[in-house]
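Note sheet for the following structure.
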Amino acid sequence: MARVLAVIKIFPNDANIDLNALKVKIQSSLPTGSTVEKFDEEPVAFGLVALVAYVVMPQDAAGQMDQVEQAIQSVEQVSQIEVVRVGRI
Numbered sequence: 001m002a003r004v005l006a007v008i009k010i011f012p013n014d015a016n017i018d019l020n021a022l023k024v025k026i027q028s029s030l031p032t033g034s035t036v037e038k039f040d041e042e043p044v045a046f047g048l049v050a051l052v053a054y055v056v057m058p059q060d061a062a063g064q065m066d067q068v069e070q071a072i073q074s075v076e077q078v079s080q081i082e083v084v085r086v087g088r089i
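Each residue of the sequence shown is one higher than the one before, starting from 1 at the first, in this note's numbering.
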């Protein structure tokens, strides 16, 4: 079965957030079948660091990308998200 990789940039709502705790919250918020392959950290400005999540999900699940976006956005410490790239793996 083909899988989809989505690269999502996640901006926290504060520069003083514990990024490791935020990573755990994001991973646990994802819908069944989706998982974070890895996280990167990308400095933005003035001490703010964005997380770049590499989310793997099944290709055949209808609406899976929307569910992933909503799940990440619903995490309390997330300000906004930006989908950078989506492709099959």
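Using N, Cα and C, we set each Cβ at its ideal position, and we do this for glycine too.
Along the chain, where does the alpha helix (DSSP H) containing Ala-50 start, and where does it finish? For the purposes of this step, residue 50 is taken as residue 50 along the sequence shown, with counting starting at 1. Element bounds for Ala-50: not the alpha helix (DSSP H) but the beta strand (DSSP E), 48-58.
So if DSSP puts Glu-82 in a beta bridge, which residue, or which two residues, is it bridged to? Residue mapping note: residue 82 aligns to position 82 of the sequence shown, counting from 1. BP columns for Glu-82 point to Lys-9.
Tell me which same chain residues have a C-beta within less than 8 Å of the C-beta of Ile-89, skipping the five on either side of it? Here residue 89 is taken as the residue at index 89 of the sequence shown, counted from 1. The residues are Ala-2, Arg-3, Val-4, Leu-5 and Val-56.
Considering only DSSP beta bridges, list what Val-68 is partnered with. On the sequence shown, residue 68 is found 68 positions in, with the first residue counted as 1. For Val-68, which the question treats as bridged, DSSP gives no partner whatsoever.
Which residue from Val-86, Glu-82 and Leu-30 puts its Cα closest to that of Pro-12? Within the sequence shown, numbered from 1, the residue matching residue 12 stands at position 12. Here the closest residue by C-alpha is Glu-82.
Whose C-alpha, out of Leu-51, Val-52, Val-84 and Gln-64, is nearest the C-alpha of Pro-31? Here residue 31 refers to the residue found at position 31 of the sequence shown. When only C-alpha atoms are compared, the closest one is Gln-64.
Which residues does DSSP pair with Pro-43 in a beta bridge? Along the sequence shown, one-based indexing puts residue 43 at 43. BP columns for Pro-43 point to Val-49.
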